[in-house]
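Take the sequence shown: its letter number 93 is residue 93 in our numbering, and every next letter is one higher. Think of the CB as a built atom: it goes at the ideal place given N, C-alpha and C, for glycine as much as any other residue. Computed from a prediction, not measured in an experiment: that's the story for all the values here.
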Amino acid sequence: MSSIQRTRKLALVDCNSFYVSCERLFNPRIRKKPVVVLSNNDGCIISRSNEAKALGIKMGEPYFKAKDIIIRNKVEVFSSNYSLYGDLSRRVMRTLKRFNAEIEYIQLMKHLWIYQIFQMMK
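Quick look at the structure:
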């Protein structure tokens, strides 16, 4: 019988406003500004910066309903760029795997980092 007790701990890694964060990475002029990213065919808002959230722009809201707020507040608007987001998501996962290879992928914007810590017991 082994005297090693195994405990499993979970960590949730949430890349905040991931699509907006990706756009800001390559466009520093939009940092600290309200930003939204639109879905396919620019129909709905699928990612919002904290500044856009503070203006009352809602997740999933059709663009045409938020257009007045967006124009009035000079919100930066981007069409979704899934190849960019996929590439950066893979980079995030590669970075997390440096800490522990046991990772469960949930979806593009959410990463669940699962790791185990083994403790020695006497």
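9 Å Cβ cutoff, residue i in contact with chain B
i: Ile71; result: Note that chain B does not occur in the displayed structure, where there is just one protein chain.
Rounded separation between residue i and residue j - CA only
i: Met93; j: Ile46; result: 21 Å
i: Asp14; j: Asn100; result: 17 Å
i: Gly43; j: Glu61; result: 9 Å
i: Tyr138; j: Ile4; result: This structure cannot settle anything about residue 138, because the visible part of the chain is limited to 1 through 122.
i: Gln116; j: Thr95; result: Since pLDDT at Gln116 reaches only 32, below the 50 mark, its modelled position is unreliable, and no value is offered.
i: Pro28; j: Glu102; result: 34 Å
i: Ala52; j: Ser17; result: 11 Å
i: Arg6; j: Asp87; result: 35 Å
i: Phe64; j: Arg91; result: 34 Å
i: Leu38; j: Phe26; result: 17 Å
i: Val36; j: Lys67; result: 11 Å
Distance CB(residue i)-CB(residue j) smaller than 9 Å
i: Ile69; j: Val77; result: no
i: Asn40; j: Ser83; result: no
Own chain residues within Cβ distance below 8 Å of residue i, not counting five before or after
i: Asn73; result: Pro34 and Leu55
i: Ile57; result: Pro34, Val36, Ile45, Arg48, Ala66, Ile69, Ile70 and Val75
Own chain partners of residue i with C-beta closer than 7 Å, once the 5 adjacent residues on each side are dropped
i: Lys97; result: Ile103
i: Ser21; result: Cys15
Exposure label - residue i; buried when at least 16 CB within 10 Å
i: Ile71; result: exposed
i: Tyr85; result: buried
i: Ser89; result: buried
i: Arg48; result: buried
i: Arg8; result: exposed
Cβ shell of residue i (< 6 Å), same chain only, five flanking positions each side left out
i: Arg31; result: Arg24
Exercise. Report the residue ranges of all alpha helix (DSSP H) runs contained in full by the region 19-90; include only those spanning at least 4 residues, in chain order.
Key: The region 19-90 contains these whole alpha helix (DSSP H) runs: 50-54 and 63-72.
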